[in-house]
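These notes concern the structure reproduced below.
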Ligand SMILES: Nc1ncnc2c1ncn2[C@@H]1O[C@H](COP(=O)(O)OP(=O)(O)OP(=O)(O)O)[C@@H](O)[C@H]1O
Ligand SMILES: [Mg+2]
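Protein chains in written order, with my numbering: chain A, 3 to 400; chain B, 3 to 231.
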């Protein structure tokens, strides 16, 4: 049998049943489309996540006090840590943040206790130095942030994180709302909508560090958050303890990006694995579709197989014809699926204003994967067809 | 007077074909048959007597359980599957009661199919197939789908397909079994023309009229053959 004849016969088997062929191909289209789309989207999404990590992690240093040796009760971080560290070249912003222990004090917005509505909340109160807002890129939705003046005077003002404000039912500061922490009344001067780091602050009530030191007897800051210029992180990390505590650098603990990079790598590979798994499942479903339809087609075309054998077809001619049919369906499905998958990636990325990221070999690989899928799916039906005895197939088919 | 030496086209010697084990069905019980080149043989007999089984064995579609089958002096009973397929492609032509045309392919493509497994060059195939259709009187139907043809026309397409490539032997299992008497007449005329052109024809039929058109008749009864004189 000539290769040209084989090709003609296989193609004829497909184009003479266009509806069925299209439906069968649809399985692979969906499978490979999903694979390309999920791989592309996972790349695009993780690129974005990784990008965020890189941007935030690469410019962040956290200073805390090392667990104190026995007998050393000296507070590790000084109040003026931010201004000390800002003297270093390469530091963009720095600020303290400290959890405030308010005892059993709840937070209230209404002056009187209303027995029906919940008016008291347990919210985290965080003492924040004004410089911190810059270091976390606080995005003010409403009102203003407090400054060094508020802190120095010990003013009773608070800035609310977005979530804390929502819980307290405060949407705006234009009507000069107030809240009480225990029995102390504070005026709300601003609401922070978003931050790039220290996201837990969004659920907190933030008060000036000076106010906290005066009202709640804070001994020392808990965390000194430093934002550096890009590339300066490692150097600043080395110099920071001495800059903050020239007398006792060893009591300062520094957390630099090296540790965070591992988190980012984990996120990336977890995402890819999940999406690869999903894509693989879709492809398997596509393959089962082809196998199924090819098998049905073999059964339906029993008579045709018998006739071809009577006309002199060898078993292998029959097998190869059905394999060529299923491989062609797989390839075409792969091409269409890869195109649709790419479109989906580009479309979603455009809608989210992300940069679409796709391995360049993926759209080229997809038809190949489709062909292999078709071949594998067609293997069993093709062998079934080839193993039929000509007499039997002639008798049972018309 | 000089005796014309007739060559033997098909020779069966004590051919058995047994199906199954428990109990075994002996569809052929020691058939001896010799068919000369250019002969037109009709096989008649009751249903289930083994006629189709015999034709399938002769056509290399089925293997005898025991005995010897020779085509043109070649022992084909022992050949492997591939060689037997090549014999079917090059030396035998088949016509079936149910036509066996591919419903989605045109009349012309159906006829061309006969050359596909012969490994011959594709050039001129279309013309050869069209010529064969012309010969069976379907020159004007080449682009039809078989579903648009009458039963008689379909069977003539099948005959054209069987004839493409000039087989030595035409094997027909009840070629008129699905046809009315008028169309049966036209197919018989076709076979008579082929016989006149020297092709060997082995034909199974249930119809006495059809059988009488053949030069020689044999009766199959319960797996054994008897000559009808
Ligand atoms: N593949 C098979 N397996 C089992 N038995 C078979 C098989 N093929 C044929 N037979 C049996 O062999 C016997 C002869 O069958 P065959 O088809 O040759 O009869 P036939 O003379 O052609 O009948 P009909 O005129 O009805 O076509 C029958 O009893 C049939 O049941
Ligand atoms: Mg029969």
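Cβ atoms here follow ideal geometry from the backbone N, Cα and C, with glycine treated the same way. Everything numeric in this text was worked out from a predicted model, so none of it was measured.
*Under three-state DSSP, which class holds residue 136 of chain A?*
Three-state DSSP puts residue 136 of chain A in a helix.
*Using three-state DSSP, classify residue 222 of chain B as helix, strand or coil.*
DSSP places residue 222 of chain B in the strand class (E or B) of the three-state scheme.
*asked:* Quick check on residue 11 of chain A - is its C-beta less than 9 Å from some C-beta in chain B?
replied: The C-beta of residue 11 of chain A comes closer than 9 Å to at least one C-beta of chain B.
_Three-state secondary structure (DSSP) of residue 243 of chain A_ = The three-state reading of DSSP puts residue 243 of chain A in helix, counting H, G and I together.
*For residue 144 of chain A, which beta-bridge partners are listed by DSSP?*
According to DSSP, which records beta bridges pairwise, residue 144 of chain A is partnered with A/193.
_Any C-beta of chain B under 9 Å from that of residue 45 of chain A_ = No, residue 45 of chain A does not count as interfacial toward chain B.
*Could you please tell me which residues of the region 97-126 of chain B, in chain order, have their CB closer than 9 Å to any CB of chain A?*
Here the close residues are 98, 100, 101, 102, 103, 104, 105, 106, 107, 111, 115, 116, 117, 118, 119, 120, 121, 122, 123 and 124.
*For chain A, find out if any of its Cβ atoms is closer than 9 Å to the Cβ of residue 198 of chain B; answer yes or no.*
False, the Cβ-Cβ gap to chain A never drops below 9 Å.
_Quick check: is the beta carbon of residue 47 of chain B nearer than 9 Å to any beta carbon in chain A?_
Chain A, which has no Cβ nearer than 9 Å to the Cβ of residue 47 of chain B, makes this no.
_Any heavy atom of ligand 1 closer than 8 Å to the beta-carbon of residue 134 of chain B?_
Residue side-chain check: residue 134 of chain B keeps its Cβ at 8 Å or more from all non-hydrogen atoms of ligand 1.
*Should residue 12 of chain A be counted as a contact of ligand 2 given a C-beta to heavy atom distance under 8 Å?*
Not under cutoff, so the answer is no.
_Let me check you understand the geometry: is the CB of residue 54 of chain B closer than 8 Å to at least one non-hydrogen atom of ligand 2?_
Because some heavy atom of ligand 2 lies under 8 Å away, the Cβ of residue 54 of chain B counts as near it: yes.
*State yes or no: is the C-beta of residue 171 of chain B within less than 9 Å of the C-beta of residue 206 of chain B?*
No, Cβ-Cβ distance for residue 171 of chain B and residue 206 of chain B is not below 9 Å.
_Can you list, in chain order, the residues of its chain with a C-beta nearer than 8 Å to that of residue 261 of chain A? Leave out the 5 residues immediately preceding and following it._
Model confidence at residue 261 of chain A stands at a pLDDT of 48, short of 50, so the residue's coordinates are unreliable; what they give is reported in the following sentence. Beyond the five residues adjoining it in sequence on each side, residue 261 of chain A comes within less than 8 Å, by CB distance, of no other residue in the same chain.
*Between residue 194 of chain B and residue 128 of chain B, what straight-line distance do the alpha-carbon atoms span, to the nearest angstrom?*
Residue 194 of chain B and residue 128 of chain B have their C-alpha atoms some 26 Å from each other.
*How many Å lie between residue 133 of chain A and residue 202 of chain A at the Cα?*
Those two C-alpha atoms are separated by around 17 Å.
*Secondary structure of residue 197 of chain B, DSSP reduced to three states*: The DSSP-derived three-state label of residue 197 of chain B is helix.
*So is the beta-carbon of residue 64 of chain B under 8 Å away from any non-hydrogen atom of ligand 2?*
At a threshold of 8 Å, residue 64 of chain B does not count as near ligand 2, since its beta carbon sits no closer than that to any of the ligand's heavy atoms.
_Tell me which residues share the same chain as residue 50 of chain B and place their Cβ nearer than 7 Å to its Cβ, disregarding the 5 neighbours each side in the sequence._
Excluding five sequence positions before and after residue 50 of chain B, none of the CB atoms of its chain fall closer than 7 Å to its own CB.
*Hey, is residue 18 of chain A's beta-carbon within less than 9 Å of any beta-carbon in chain B?*
Using beta-carbon distances, residue 18 of chain A counts as an interface residue toward chain B, with a partner under 9 Å.
*asked:* Measuring only the C-alpha atoms, how far is residue 209 of chain B from residue 31 of chain A?
replied: Cα to Cα, residue 209 of chain B sits roughly 55 Å from residue 31 of chain A.
*Rounded to whole angstroms, how far is the Cβ of residue 132 of chain B from the Cβ of residue 110 of chain B, which I believe are closer than 8 Å?*
At roughly 6 Å, the Cβ-Cβ gap stays under 8 Å, so residue 132 of chain B and residue 110 of chain B are in contact.
_Taking 8 Å as the cut-off, is the C-beta of residue 394 of chain A nearer than that to any heavy atom in ligand 2?_
Using a cutoff of 8 Å, the CB of residue 394 of chain A does not count as near ligand 2, since none of the ligand's heavy atoms is closer than that.
*Classification of residue 73 of chain B by the beta-carbon crowding that lies within 10 angstroms, buried from 16 upward*: With 16 or more neighbouring CB atoms inside 10 Å of its own CB, residue 73 of chain B falls in the buried class.
*Quick one: list the residues of chain B neighbouring residue 393 of chain A, beta-carbon separation under 8 Å, in chain order.*
Near residue 393 of chain A (Cβ distances below 8 Å), the residues of chain B are 58, 63 and 64.
_DSSP beta-bridge partners of residue 152 of chain A_ = The secondary-structure analysis by DSSP pairs residue 152 of chain A with nothing; it has no beta-bridge partner.
_Let me check one thing: in DSSP terms, what residues is residue 37 of chain B bridge-paired to?_
Looking at the DSSP assignment, residue 37 of chain B forms a beta bridge with B/12.
*Just to confirm, does residue 222 of chain B get its C-beta within under 8 Å of one of the non-hydrogen atoms of ligand 1?*
Because some heavy atom of ligand 1 lies under 8 Å away, the Cβ of residue 222 of chain B counts as near it: yes.
_Please tell me whether residue 305 of chain A has its Cβ less than 9 Å away from any Cβ of chain B._
Interface criterion met: the Cβ of residue 305 of chain A is under 9 Å from a Cβ in chain B.
*Answer yes if the region 223-240 of chain A comes into contact with the region 173-193 of chain A, meaning at least three C-beta pairs across the two stretches below 8 Å, and no otherwise.*
Because the criterion of three Cβ pairs below 8 Å is not met, the region 173-193 of chain A and the region 223-240 of chain A do not touch.
_Using only the alpha-carbon positions, how far apart do residue 295 of chain A and residue 96 of chain B sit?_
Going from the Cα of residue 295 of chain A to the Cα of residue 96 of chain B covers about 30 Å.
*Can you name the start and end residues of the alpha helix (DSSP H) that residue 333 of chain A belongs to?*
From DSSP, the alpha helix (DSSP H) with residue 333 of chain A extends over 317-354.
*Take residue 90 of chain B and list the residues in its own chain whose beta-carbon comes closer than 6 Å to its own, dropping the five residues that flank it on each side.*
Hits under 6 Å: 62.
*Excluding five sequence neighbours on each side, which residues of the same chain lie with their C-beta closer than 8 Å to the C-beta of residue 251 of chain A?*
Only 243 and 244 meet the Cβ criterion.
_What are the residues in the region 295-320 of chain A lying within 8 Å of chain B by C-beta distance?_
Within the region 295-320 of chain A, the qualifying residues are 305, 306, 308, 309, 310, 311, 312, 313, 314, 315, 316, 317 and 319.
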